[in-house]
Amino acid sequence: MPEIPLAPLDRIFHKAGAERVSEDATQALRDILEYIAFDIASKSIELARHAGRKTVTADDVKTAIRIIKCVPVPMS
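Under the working numbering, the first residue of the sequence shown carries the number 49, and numbering increases by one thereafter.
The following block contains the structure:
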């Protein structure tokens, strides 16, 4: 079950300048963002554990993003 609601993503499309957005496009963006977020979260947890902490910090997230750099997106 998806974690990110579609309505905020639709608003992002419109704020970016889209006049109309299909539901398929919004769902595709949601799926990609959830995939990327899961990857970043997993790496952030790994960094926190490596530092001997149970709490994931903003620095862990920022470091994870720098380490990951480019996240391959599944095409389904």
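Glycine residues also receive a C-beta, built at the ideal position from the N, C-alpha and C atoms.
DSSP three-state assignment for GLU67, whether helix, strand or coil: coil
Minimum Cβ-Cβ distance from GLU67 to chain B less than 7 Å: Absence of chain B from the displayed structure is noted, only one protein chain being present.
C-alpha gap between THR103 and PHE86, whole angstroms: 17 Å
Identity of the residue in GLY65, ILE93, ILE113 and ILE60 nearest MET74 by Cα: For the record, residue 74 in the displayed sequence is Thr; it is not Met. Among GLY65, ILE93, ILE113 and ILE60, the Cα nearest to that of THR74 belongs to ILE60.
CB contact flag (ALA96, ASP79, <7 Å): 7 Å or more divides the Cβ of ALA96 from the Cβ of ASP79.
Residue of LEU77, ILE115 and SER70 minimising C-alpha distance to GLU94: ILE115
Test item: CB-CB of ILE52 and ILE88 under 7 Å: Their beta carbons are not under 7 Å apart, which means ILE52 does not touch ILE88 by this criterion.
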